[in-house]
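Data block below; observations after.
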DNA sequence: TCCTTTCCGTTGGAAATCCAACCGCAAAAA
DNA sequence: TTTTTGCGGTTGGATTTCCAACGGAAAGGA
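Residue numbers (full-length UniProt numbering), protein chains in the order written: chain R, 1 to 220; chain B, 1 to 220.
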């Protein structure tokens with residue numbers, strides 16, 4: 001497991017810890033290390049899980065499958081990223097999504113009881129705090145998304161999204177991490193409707209944009 | 001503060017603790033007790049807060065105000081309920097909503113550093129675990145809401161909502177805690193559109209309902 | 001260079017929702 | 001009892017989005 005120490009320290013769960021503190025903490029937390037072949041299923045939708053996954057090598061994806069068999073990629077998890085964090089302490093809840101290894105992947109699984117034990121160590125506090133921060137920021141992110149999706153009209157979704165992004169990034173003009181299709185997916189609308197709304201708003205002088213760089217104009 | 005002990009023990013943060021353990025834990029966590037007059041503002045949208053509120057007496061409301069001055073009630077917080085839990089450990093983030101006391105209200109405010117100190121006590125572990133559970137379940141709840149709001153058509157929103165509710169409640173027929181208007185607000189559609197979709201689906205044999213009691217029919 | 005691919009804006013008809021209004025029923029109030 | 005109020009279903013025109021398709025511009029590959 002030693003060779004993954006740099007990756008582990010890079011994760012949001014272990015950030016701001018030193019490599020000297022890590023072995024003792026891992027001895028307490030006792031994560032299970034598992035390796036999966038490319039394409040292998042890690043978690044199946046419908047299972048009840050209460051563990052947190054830390055990807056040490058390879059790449060895994062969160063997949064939503066509907067009864068018709070369509071596969072939709074919800075998220076891609078790279079080394080040092082986490083998954084399942086909301087299920088660790090929520091009690092046994094059924095997963096609405098599946099998790100697949102897209103390449104050969106090594107994952108560390110943490111269990112709720114053992115992970116809490118690290119709080120007895122002075123440096124363990126840091127881990128608990130990191131975990132609380134991860135969950136809090138996840139809630140705020142989802143809250144933001146709900147605020148966007150609650151808007152009935154495409155133009156309003158765009159404005160709510162760009163305004164919160166501008167506040168978060170503290171820049172104007174601002175760059176967003178999506179192309180048009182991805183932005184439309186995030187806002188929950190068709191790409192054509194998004195493009196149409198954007199050109200209407202540019203016409204109306206509300207904003208300006210080129211590609212993924214947007215400028216919000218003040219006043220209404 | 002003693003007279004609020006039963007309320008505090010009833011909160012999700014302190015649940016499954018005994019009244020004997022409480023005084024020592026509160027001495028460490030050092031919450032600030034504040035009392036507000038009816039109508040008084042507790043937090044103003046735009047402020048940066050990093051504390052958790054526990055309502056001990058009275059009632060407070062989460063309010064969303066738009067530039068035009070319309071007030072929208074996001075949530076009503078009764079004694080033993082919490083607010084601000086997602087802001088405690090998220091770093092200083094600006095509030096998108098305001099919090100008002102609707103009646104004379106007494107609130108305990110916990111700060112992030114002091115609250116973490118309770119983890120040194122054996123019973124303090126329970127509090128940390130409760131907090132992790134609160135944040136996790138909040139994320140799952142928001143996830144569910146995003147799944148609903150992401151549906152483009154009213155009928156699909158209804159189906160996603162009822163199916164997850166049926167799974168959660170483990171009952172069919174199931175009762176929901178909303179009337180039509182509240183259900184429409186939750187799903188992000190007009191009440192008329194919801195009523196129309198519901199009667200279409202009843203016509204099609206997908207489900208049955210009277211008032212707020214719904215029966216899902218299997219097969220498609 | 002040419003060809004292929006990707007991205008983005010546009011368009012038009014079909015479909016769905018919004019919005020305001022009206023109605024009937026049932027529970028609550030007088 | 002009668003009256004009032006709240007809730008839920010329905011309706012129709014205006015508005016908006018969806019959906020599929022097309023075309024141009026830019027980037028990448030052969």
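By construction, the Cβ of each residue, glycine as well, lies at the ideal position given by its N, Cα and C atoms. Keep in mind it's a predicted model, so treat the numbers as computed, not measured.
Check	Outcome
Chain B contact for residue 299/R (CB, 8 Å cutoff)	The first residue shown for chain R is 1 and the last is 220, placing residue 299/R beyond what the model contains.
Chain-ordered neighbours of residue 143/B on chain R, where CB pairs are closer than 8 Å	86, 96 and 142
Helix, strand or coil at residue 105/B [DSSP, three-state]	strand
Residue 126/R, buried or exposed, once every other Cβ within 10 Å from all chains shown has been counted against 16	buried
Residue 90/B, DSSP secondary structure in three states	coil
Option nearest residue 133/B by Cα separation, candidates 112/R, 32/R, 175/R and 156/R	112/R
Reduced DSSP category for residue 4/B - H, G, I as helix; E, B as strand; rest coil	helix
Minimum Cβ-Cβ distance from residue 188/B to chain R less than 8 Å	yes
Validate contact between the segment 113-121 of chain R and the segment 26-41 of chain R using beta carbons, cut 8 Å, 3 pairs	yes
Beta-carbon spacing of residue 160/R, residue 107/R below 8 Å	no
Residue 78/B in three-state terms, based on DSSP	coil
Nearest residue (CA-CA) to residue 95/B, options 123/B, 50/B and 45/B	45/B
Residue from 145/B, 41/B, 214/B and 19/B whose Cα sits closest to the Cα of residue 99/B	41/B
Residue-chain proximity (residue 28/B, chain R), Cβ-Cβ < 8 Å	no
Selection of the segment 121-138 of chain R by Cβ proximity to chain B, strictly under 8 Å	125, 128, 129, 131, 132, 133, 135, 136, 137 and 138
Selection of the segment 150-162 of chain B by Cβ proximity to chain R, strictly under 9 Å	150, 151 and 152
7 Å Cβ cut-off: residues of chain B touching residue 90/R	133, 136, 137 and 140
Given 8 Å, three or more beta-carbon pairs between the segment 5-12 of chain B and the segment 179-197 of chain R	no
Residue 39/R versus residue 33/R - alpha carbon distance	18 Å
Unbroken beta strand (DSSP E) run spanning residue 207/B, endpoints	207-210
is_contact[residue 116/B, chain R] using C-beta, thresh 8 Å	yes
Outcome for residue 84/R when other beta-carbon atoms lying within 10 angstroms are tallied against a minimum of 16	buried
Residue 128/B, enclosing alpha helix (DSSP H) - first and last residue	124-149
Separation of residue 175/B from residue 213/R, as counted between CA atoms	47 Å
Member of 57/B, 58/B, 74/B and 59/B whose CA lies at the smallest distance from the CA of residue 65/B	74/B
CB contact below 8 Å: residue 119/B versus chain R	yes
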